[in-house]
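To convert, note that position 41 of the sequence shown is 39 in my numbering; the numbers rise steadily by one, no gaps. Structure, as structure tokens:
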Amino acid sequence: MPLERLQKIISRAGVTSRRKAEQLILEGRVTVNGRTVTQLGEKADLERDHIKVDGRLLHPPKRLVYLLLNKPKNCVTTVFDPQGRETVMKFVRGVGERVYPVGRLDYHSEGLLLLTNDGELANRITSPRRHVEKTYLVKANGTLTPEQMEAFRNGVPLHGRRTAPAKIKLVRKAQNPWYEVTLIEGRQNQIREMFKHFGLLVEKLKRVKLAFLDLEGIPPGKFRRLTPGEVLRLRRLVGLEGAGDE
């Protein structure tokens, strides 16, 4: 195989996302043929080189796996939590391959979460350049004005950078109303921060859709495998060819 960037190899081996793999490299937790690598840009060949993460030798995945989980509240979207909190991995045991979450839902949020060992697909889905839509149901502790909703759609400044254009509509009028929000990016706690920008708090947040995928027939804490047709459609959506092995 041709040489590939180390973070891509780690992601493709089903360890974690490419972005997280870059952190592992910078933290000195990756070795190539016994040599610790701490700078990005290093290349290797998984078939020929001995690559280890935290002392564990990497192997190419035997098959690509694609899972759709209905994440319950009160668990973290990571493979391992140093604080000892429950992670989403509890709900996908016994799938036969190491998988990891694509993107994140915070501890108190729930809903649709994709897990896979297809590193290239995961990287493209989470890239804001691909404009993959993610739709959420959001319960707030107050009502946005029409002017605030328009500003929400156009993007608001968060931490020195404006958010990408978004979609929002009121789906249930109440003292604590529900909104449907669609984003094409996924900054940490983005929806909560956007509502906070307008002086409102998010009481409940549930992701209900990723591109064309939804939660129909999946109760909280359960998952299903994507069909080959869904995998092919998802890969084509982000500019990849082929349906993988599932």
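Idealized CB from N, CA, C, for every residue including glycine.
Where residue i sits in the DSSP three-state scheme
| i | result |
| --- | --- |
| Lys18 | helix |
| Arg61 | coil |
| Gly109 | strand |
| Pro155 | strand |
| Ala241 | Because the pLDDT of Ala241 is 47, which lies under 50, any placement of that residue in the model is unreliable, and the question is left without a value. |
| Ala42 | strand |
| Phe78 | coil |
| Arg83 | coil |
| Pro70 | coil |
| Leu24 | helix |
| Lys132 | strand |
| Val169 | strand |
| Arg160 | strand |
| Arg185 | coil |
| Val13 | coil |
Classification of residue i by the beta-carbon crowding that lies within 10 angstroms, buried from 16 upward
| i | result |
| --- | --- |
| Thr114 | buried |
| Asp43 | exposed |
| Asp52 | exposed |
| Arg122 | buried |
| Arg234 | exposed |
| Ala172 | exposed |
| Lys60 | exposed |
| Gly117 | buried |
| Thr124 | buried |
| Gln188 | buried |
| Arg83 | exposed |
| Gln21 | exposed |
Test item: CB-CB of residue i and residue j under 8 Å
| i | j | result |
| --- | --- | --- |
| Leu103 | Phe89 | no |
| Glu108 | Lys69 | yes |
| Leu199 | Val206 | no |
| Ile182 | Pro144 | no |
| Asn152 | Glu201 | no |
| Glu98 | Gly12 | Reading the sequence as shown, one finds Tyr at residue 98 and not Glu. In contact: Tyr98 and Gly12 (Cβ atoms closer than 8 Å). |
| Lys132 | Asn174 | no |
| Leu56 | Ile49 | yes |
| Met192 | Phe150 | yes |
| Val77 | Thr14 | yes |
| Leu119 | Leu232 | yes |
| Val130 | Val236 | yes |
| Glu45 | Leu4 | no |
Limits of the alpha helix (DSSP H) - the one that residue i falls within
| i | result |
| --- | --- |
| Glu118 | Gly117 to Thr124 |
| Ile7 | Leu4 to Arg10 |
| Glu191 | Gln188 to His195 |
| Arg231 | Pro226 to Leu235 |
Unbroken beta strand (DSSP E) run spanning residue i, endpoints
| i | result |
| --- | --- |
| Leu181 | Trp176 to Leu181 |
| Glu201 | Val200 to Leu208 |
| Arg96 | Note, Arg96: premise wrong, no beta strand (DSSP E); not H, not E. |
| Thr34 | Arg33 to Val35 |
| Val90 | No beta strand (DSSP E) holds Val90; DSSP gives it neither H nor E. |
| Lys50 | Ile49 to Val51 |
| Arg223 | Phe221 to Arg223 |
Residue i CB to nearest heavy atom of the ligand COA below 7 Å
| i | result |
| --- | --- |
| Leu112 | Ligands are entirely absent from the displayed structure, and the ligand COA is therefore not among its contents. |
contact_flag[the segment 155 to 165, the segment 210 to 227] where n(CB pairs < 8 Å) is 3 or more: no
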